[in-house]
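In my numbering, the protein residues as written are 3 to 346.
The structure is reproduced here in structure tokens:
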């Protein structure tokens with residue numbers, strides 16, 4: 003239904019008031035829409051900060067073990083999600099500025115419209131005033147006519163009847179006057195109200211179109227960010243798919259490995275010679291390895307010849323003792339030990 007149809011003037015000609023306040027409510031709607039978008043931006047900003055904090059916390063998690071590289075995947079994905087929501091905050095802030103600018107223009111437009119429809123407001127007030135006066139004059143006219151007829155039926159005196167007739171004629175003239183005034187006021191009101199109603203309708207259509215455009219911009223901004231978020235999730239899924247168990251173990255081996263070659267342990271042919279012999283090594287590892295039975299080379303040779311294929315437990319023990327000596331940080335104490343024993 004259009005504002006200019008007969009449905010809006012109304013029985014009490016209050017259509018103008020309804021349409022004018024509806025126009026003013028447009029300003030309220032614009033302000034509330036700006037508040038809504040601002041609240042959404044606040045929520046997105048808080049979420050972005052939380053995601054950034056979460057991404058930083060991933061750097062503080064244990065970087066040891068084979069699972070450590072997975073935290074880098076989580077950190078990268080979470081940072082990208084935080085940036086997506088922060089990007090939405092920027093878009094929403096720009097949208098808020100647009101809504102506020104429109105609100106300011108809307109206030110100016112409504113102020114101008116108020117001045118333009120001032121004549122219609124006067125016409126509305128006039129028709130409302132005349133309508134009330136017409137109704138009162140009609141009631142007075144009916145009352146005087148009824149009174150005159152009652153006196154005639156009751157057989158009142160001629161003086162009383164003539165007096166009632168004068169009052170009835172006066173009421174009739176007043177009633178006719180207000181009927182004529184009402185007709186003129188009604189014509190003026192309908193013309194101005196039709197024009198004003200059309201003006202209000204144009205303003206409201208423009209307002210709704212602009213508001214829908216703003217909401218469309220809001221929807222597109224959210225849609226774009228959701229697409230970006232979807233891409234981040236897809237990238238996360240692909241990264242986790244590429245992060246296989248084998249690759250995690252391989253990275254651990256490459257980063258924590260102590261060398262690709264096996265350590266070569268070379269046992270000197272003669273574990274102990276004279277006390278003046280110096281074992282080639284660091285200054286802290288100099289010593290002379292003297293073993294009591296080392297003075298009997300024939301015995302050691304015979305043990306080696308007889309046990310070449312299957313060493314006896316005794317020979318295993320000897321080898322273990324020799325290796326343990328080689329692994330010590332300082333061998334000086336060993337040299338001193340055997341030196342002291344040899345003196346005794």
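Just so it is clear, CB atoms sit at the ideal spot from N, CA and C, and this is done for glycine as well.
Contact set for residue i: own chain, Cβ-Cβ below 8 Å, skip 5 residues either direction
i           : result
residue 256 : none
residue 34  : none
residue 28  : 108, 112, 205, 206 and 209
residue 61  : 73 and 77
residue 237 : 79 and 82
Residue interval of the alpha helix (DSSP H) (run including residue i)
i           : result
residue 157 : Here residue 157 belongs to no alpha helix (DSSP H), and DSSP marks it neither H nor E.
residue 17  : 17-61
residue 78  : 70-118
residue 65  : No alpha helix (DSSP H) contains residue 65, which DSSP labels as neither H nor E.
Contact under 8 Å by Cβ, residue i with residue j
i           : j           : result
residue 89  : residue 224 : no
residue 112 : residue 195 : no
residue 214 : residue 177 : no
residue 130 : residue 222 : no
residue 126 : residue 18  : yes
residue 181 : residue 123 : no
residue 132 : residue 183 : yes
residue 53  : residue 78  : no
residue 44  : residue 119 : no
residue 68  : residue 251 : yes
residue 36  : residue 95  : no
residue 208 : residue 105 : no
residue 205 : residue 115 : yes
residue 128 : residue 185 : no
residue 202 : residue 21  : yes
Proximity to residue i [Cα-Cα], best of the options
i           : options               : result
residue 40  : 126, 92, 56 and 143   : 92
residue 83  : 234, 244 and 190      : 234
residue 146 : 132, 175 and 202      : 175
residue 74  : 161, 154, 241 and 258 : 241
residue 142 : 173, 117, 150 and 134 : 173
residue 246 : 237, 168 and 72       : 72
residue 171 : 157, 150, 156 and 193 : 150
residue 148 : 138, 169 and 134      : 169
residue 56  : 64, 76 and 47         : 76
residue 179 : 65, 138, 249 and 100  : 138
Own chain, CB closer than 7 Å to residue i, minus 5 neighbours either side, in chain order
i           : result
residue 220 : 39 and 97
residue 153 : 162, 163 and 166
residue 50  : 84, 87, 88 and 91
residue 121 : 194
residue 253 : 71
residue 218 : none
residue 244 : none
residue 63  : 73
residue 100 : 216
Residues near residue i in its chain [Cβ-Cβ closer than 6 Å; skip 5 each side]
i           : result
residue 86  : 227, 230 and 231
residue 159 : none
residue 322 : Per-residue confidence for residue 322 stands at a pLDDT of 44, beneath the threshold of 50, marking its modelled position as unreliable; no derived number is given.
residue 46  : 87, 90 and 91
residue 248 : none
residue 303 : For residue 303, the predicted model reports a pLDDT of 48, less than 50, meaning its position is unreliable and no value from the coordinates is stated.
CB contact below 8 Å: residue i versus chain C
i           : result
residue 222 : Structure shown: chain C not included; a single protein chain is present.
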